Amino acid sequence: MLISCATLLLLSAVRGVNALASSNLVKHVDVLALDYPFNPVKPAYWTGYPHHRRTPFAVSPDEQSAYVAYLDNSETGVHVQSVDPQTFAAKGSAITISGAKEAGGLVAHNDGFALLTNEAMPSSTANSPPDGTPVPVMYRYTDGKQTWKTWLGGPDVHPDDGLSMSPDLNGDLVYSEEAGLYGAYFVVTDYAGWASGHFGDSVQYIAKDGTLRTITDASSSWGCSHNTGIAFEAADAAPFASICAEDQGAIWLNTNNRGMSNTGVKISNENTTNGASGEPMGGMSGSYSSLARFQQSTNYIFSWVSRGASEISENTWMGDGYTNSQNRTNNRNVAIALFSDKYTKVGAQATSVVGSSDGDSQVNWVTSGNNDCSNAHVATFGPSNALVSWEEISDPICDFVAMGCRGDFAGSFFQQVDASGKKVGQPLKSLDTYVAGDMVTMTDGRICWPYISMDWDLSGGVDGTSGSSTKKMSFACLSIDGVKPPSSSVSSATATTKVSASTFVTEVRPSTVEATVPTSSAPSTDVDVTSSIPPATSTVDTEISIISTSTIDIEHPVVSTRISSTMSAVPIESGNSNCPGDNGFPSHSLSGSPGPHSTGSAPAGGTAEPSATSNAGEVEHPHLKPTPGSMLQFLRGLFRGLLSSRYEKTSNEPNTGIPPLPKNM
């Protein structure tokens, strides 16, 4: 969104160094009455541990309009509600996109909104995905009416590279007025072509009129294998800034290649087990508000959770320059990284030196305790300050080496950091406020986001076949000293909506405003854009140290009501998987196994005992079975082929359906 330069410079000038206090946080509890019931809890894949179901939130550039999107409790149909950007009360009735399966990203305009979602294609569509599996799609609404609809996968999108679908998006949608482009980054599964049956991710660009544009050195049909986390933010021109977590051992700033090539910048070494990497960007229903741009600058800030890394070894599957690592701790801590532009990391990259005992010395830790941290997000107040948020579990039980943990909810935390990555004061703690939707910077300097006021218990799993239900949504706004937020229209002392897992809605009334305008998909346009992508760089001019964090206890009622009965964890294969595709895990399938770890310790020297590798316990893919035949041959070609943006094939090479190895490998 467009923000007054003078306003942000003023906010930067008046910022103080005091720690955030409870007075900085204003809660608008249960202020938004929803037209339809909403289940705010999303079970994590495999573990069933509760995640907040994402509610995308966006504010128009003129800040006269705001929109929030949520999935119907029936899990079919996404509702987009216009809200007052000051009071967050509803304005009119919700618009329903019938058949949509996920609220995957939202952009607000002065005259309407754009939504990223996924839905099944009409059954009459030739070469559509099997069994009605959803396909990514984008909608544009103007003055309450559908303007266009563009498929981002399916039979007519990059058919030469393979046909894609998205059982789960786990991605994001952004917009750049300067570029005149939307950018969508999301998880895909190919159902035809050389990667059929396997998961990756895709970056697509869409023009203002809904035309799908293929842009050289920006668009991507397949990038990070078994993507386990996405961070995406707009830039003044394509490509937009992008980060991915993958299944081979790293988190990459991949703006310059959209994949997992080591021509990108390695932000972090991460242990990966069976395609899982610890849910660094939130896992299921995550991958939003993880990367933010400081206004009026080219700088970005990224937040994630990590167990740290030690014992760097060669990733023999990927070859020279790629590594595996062991977890340093059993629990996860919060980390941030800074970028001077969309290609360049501030400070050192993560090491790729085989034999290194220390694989995380480059990390700027925001936390360093024994609590497990999750649900990390970041937003910027202006050009000089940012807000990092996360949740904590005390005395965590981490049954899986590369997934989430369970235990007693210890609160949500909000930490101010400056543009150099230094913490300003201590974090603000809240036991009744959570981040469950996009964190948006308002023109007055506040950062606001949606959440559901409820009892939040992280001590066990939730049953995905039944769900909690609510028809009220809350909002929270946080400002830094020197910026006076408007008073809340609803007192934070009012009673909260108690959401119980036993309250399962079996009947949902139909939409009053349906998306009924029939439109054909906008055409795809191949655009050969000559661009000069600079090499990935990392500027090493500052020493980044591990910072200890203590918390400030603030009076809040203790929440202890359980969400649901505990699900038993299912043991599966552990250890760094050479071929995660053999087990058929989807990109969001953050799968691990019970490890013999003791309760974690600080990244500054704690250790986590690596788990033993087992070949037992293959798990069938929930959507597609593993591709038959020589999986070893297929995946070697797949992974190596992914590292080059163009493949060269001579006339005497057999047509195997596998990309030939790039000539430089």
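Those letters in the sequence shown? Residues -19 to -1, 1 to 646, by mature numbering (1 follows the signal peptide of the UniProt record, and there is no 0). All residues carry an ideal CB built from backbone N, CA and C; glycine is no exception. Treat the numbers as computed from the prediction; the structure is a model and nothing was measured.
>> Quick check on Gly256: does DSSP put it in helix, strand or coil?
In response: Your numbering for residue 256 matches position 275 in the sequence shown. Annotated three-state conformation of Gly256 is strand, per DSSP.
>> Please state whether the Cβ-Cβ distance between Phe94 and Tyr51 is less than 7 Å.
In response: Along the sequence shown, one-based indexing puts residue 94 at 113. Along the sequence shown, one-based indexing puts residue 51 at 70. Contact flag unset, no.
> CB-CB under 6 Å to Met420, same chain, minus the five flanking residues each way: which ones, in chain order?
Replying inline: Residue numbering aside, residue 420 sits at position 439 when the sequence shown is read from its first letter. Short of 6 Å from the beta carbon of Met420, and not among the five residues preceding or following it, lie these beta carbons of its own chain, in chain order: Ser270, His358, Ala360, Ile428, Trp430.
> Going by the beta-carbon positions, is the gap between Ala(-1) and Gly402 smaller than 7 Å?
Replying inline: On the sequence shown, position 19 is the one that residue -1 refers to. On the sequence shown, position 421 is the one that residue 402 refers to. No. Outside cutoff.
> Quick one, which of Pro111, Thr28, Pro37 has its alpha-carbon nearest Gly267's?
Replying inline: Residue mapping note: residue 267 aligns to position 286 of the sequence shown, counting from 1. Looking at Pro111, Thr28, Pro37, the one whose alpha-carbon comes closest to that of Gly267 is Pro37.
>> Taking 6 Å as the limit between beta carbons, can you name the residues of its chain near Phe69, skipping five residues before and five after?
In response: On the sequence shown, residue 69 is found 88 positions in, with the first residue counted as 1. The residues are His9, Val12, Leu13, Phe456.
> What whole-angstrom Cβ distance do Gly181 and Gly204 have, given they're in contact under 8 Å?
Replying inline: Walking along the sequence shown from the start, residue 181 turns up at place 200. Walking along the sequence shown from the start, residue 204 turns up at place 223. Right, their Cβ atoms sit about 6 Å apart.
> Using the C-alpha atoms, what's the distance from Val168 back to Met262?
Replying inline: Translated into the one-based positions of the sequence shown, residue 262 becomes position 281. Translated into the one-based positions of the sequence shown, residue 168 becomes position 187. Near 13 Å, if we compare the C-alpha coordinates of Val168 and Met262.
> Between the stretch 149 to 156 and the stretch 70 to 87, do three or more beta carbon pairs fall short of 8 Å?
Replying inline: yes
> In chain order, what residues of the same chain lie with their CB nearer than 6 Å to the CB of Ala101, ignoring the 5 residues before and after it?
Replying inline: To locate residue 101, count along the sequence shown from 1; it is residue 120. The residues are Gly113, Pro115.
> What residue from Ala218, Met146, Lys452 has the CA that sits closest to Gly178's CA?
Replying inline: Counting from 1 along the sequence shown, the entry for residue 178 is found at position 197. Closest by alpha carbon: Met146.
>> Output needed for Tyr245: all residues of its chain with C-beta closer than 8 Å, excluding positions within five of it in sequence on either side, in chain order.
In response: As a first step, residue 245 is located in the sequence shown; it is residue number 264 there, counting from the start. Checking the displayed sequence, the identity of residue 245 turns out to be Gly instead of Tyr. Within the same chain, Gly245 has close Cβ partners Trp233, Leu234, Asn235, Thr236, Asn237, Asn238, Ala517.
> Using DSSP with H/G/I as helix, E/B as strand and the rest coil, what is Ser147?
Replying inline: Looking up residue 147 in the sequence shown gives position 166. In this structure, Ser147 counts as coil in the three-state DSSP scheme.
> Bridge partners of Trp233, per DSSP?
Replying inline: Mapped onto the sequence shown, residue 233 falls at position 252. The partner list for Trp233 (beta bridge, DSSP) reads Cys225, Lys247.
>> Tell me the DSSP secondary structure of Pro31 in three-state form.
In response: Here residue 31 refers to the residue found at position 50 when the sequence shown is read from its first residue. Pro31: strand per DSSP, three-state reduction.
>> Tell me the DSSP secondary structure of Gly85 in three-state form.
In response: For this step, residue 85 is matched to residue 104 along the sequence shown. Coil, per DSSP.
> Under the rule that 16 or more other beta-carbon atoms within 10 Å means buried, what is Gly73, buried or exposed?
Replying inline: Here residue 73 is taken as the residue at index 92 of the sequence shown, counted from 1. So Gly73 counts as exposed.
> From Val398 to Thr348, what distance separates their C-alpha atoms?
Replying inline: Along the sequence shown, one-based indexing puts residue 398 at 417. Along the sequence shown, one-based indexing puts residue 348 at 367. Distance between the alpha carbons of Val398 and Thr348: 12 Å.
> Which of the three DSSP states, helix, strand or coil, is assigned to Asn345?
Replying inline: As a position in the sequence shown, residue 345 is number 364, starting the count at 1. DSSP places Asn345 within a strand segment (E or B) once states are collapsed to three.
>> Using a 10 Å radius around the Cβ and a threshold of 16 neighbouring Cβ atoms, would you call Gly161 buried or exposed?
In response: For the purposes of this step, residue 161 is taken as residue 180 along the sequence shown, with counting starting at 1. Exposed, since its Cβ has fewer than 16 Cβ neighbours within 10 Å.
> Where Ser450 and Ala71 are concerned, what is the direct C-alpha to C-alpha distance, given to the nearest angstrom?
Replying inline: For the purposes of this step, residue 450 is taken as residue 469 along the sequence shown, with counting starting at 1. For the purposes of this step, residue 71 is taken as residue 90 along the sequence shown, with counting starting at 1. If you take the alpha carbons of Ser450 and Ala71, they lie about 19 Å apart.
> Going by the CB atoms, is the gap between Tyr48 and Val61 shorter than 7 Å?
Replying inline: Start at 1 with the first residue of the sequence shown, and residue 61 comes out as number 80. Start at 1 with the first residue of the sequence shown, and residue 48 comes out as number 67. Contact flag set, yes.
> For the candidate residues Glu159, Ser79, Lys189, whose alpha-carbon lies nearest to that of Trp129?
Replying inline: Reading the sequence shown from its first residue, position 148 is the one you call residue 129. Considering only alpha carbons, the answer is Lys189.
> Can you tell which of Val315, Ser104, Met435, Asn296 has the C-alpha that lies nearest to the C-alpha of Pro136?
Replying inline: Here residue 136 refers to the residue found at position 155 when the sequence shown is read from its first residue. Nearest option by C-alpha distance: Ser104.
> Would the beta-carbon of Met384 fall within 7 Å of that of His32?
Replying inline: Within the sequence shown, numbered from 1, the residue matching residue 384 stands at position 403. Within the sequence shown, numbered from 1, the residue matching residue 32 stands at position 51. Against a cut-off of 7 Å, the Cβ pair of His32 and Met384 comes out as no contact.
> Between the C-alpha atoms of residue 671 and Lys452, what's the straight-line distance to the nearest angstrom?
Replying inline: For the chain, the structure presents residues -19 to 646; residue 671 sits outside this window and is missing.
>> If contacts are defined as beta-carbon pairs under 8 Å, then Ser284 and Ile317 qualify, I think. What distance do you get, rounded to the angstrom?
In response: Within the sequence shown, numbered from 1, the residue matching residue 284 stands at position 303. Within the sequence shown, numbered from 1, the residue matching residue 317 stands at position 336. Their Cβ separation, rounded to whole angstroms, is 5 Å, which keeps Ser284 and Ile317 in contact under 8 Å.
> So what does Gln127 bridge to, in DSSP terms?
Replying inline: Against the sequence shown, residue 127 aligns to sequence position 146. In DSSP, Gln127 forms a bridge with Tyr122.
> So what's Asp198 in DSSP terms, helix, strand or just coil?
Replying inline: Position 217 of the sequence shown holds residue 198. Correct three-state label for Asp198: coil.
> CB-CB under 6 Å to Phe394, same chain, minus the five flanking residues each way: which ones, in chain order?
Replying inline: The residue labelled residue 394 in the question sits at position 413 within the sequence shown. Around Phe394: Trp371, Pro408, Lys410.
> When burial is assigned at 16 or more other CB atoms within 10 Å of the CB, is Lys326 buried or exposed?
Replying inline: Numbered from its first residue, the sequence shown carries residue 326 at position 345. Buried.
> Alpha carbon to alpha carbon, how far is Thr588 from Thr310?
Replying inline: In the sequence shown, counting from the first residue as 1, residue 588 sits at position 607. In the sequence shown, counting from the first residue as 1, residue 310 sits at position 329. Reliability of the predicted coordinates at Thr588 is poor, the pLDDT of 36 falling under 50, and the value obtained from them is presented with this limitation in mind. Linking Thr588 to Thr310 through their CA atoms gives a straight-line distance of about 5 Å.
> Skipping 5 residues on each side, what residues in its chain have a beta carbon closer than 7 Å to that of Cys386?
Replying inline: Along the sequence shown, one-based indexing puts residue 386 at 405. Excluding residues within five positions, the ones whose Cβ falls inside 7 Å are Asn312, Asp353, Ile374, Pro377, Ile378, Cys379.
> So Thr77 is in the beta strand (DSSP E); what residue range does that whole segment cover?
Replying inline: Position 96 of the sequence shown, counting from 1, holds the residue named residue 77. Its beta strand (DSSP E) spans residues 76 to 78.
> Going straight from the alpha carbon of Asp413 to that of Ala391, what length do you get?
Replying inline: Your numbering for residue 413 matches position 432 in the sequence shown. Your numbering for residue 391 matches position 410 in the sequence shown. Asp413 and Ala391: Cα-Cα distance of roughly 11 Å.
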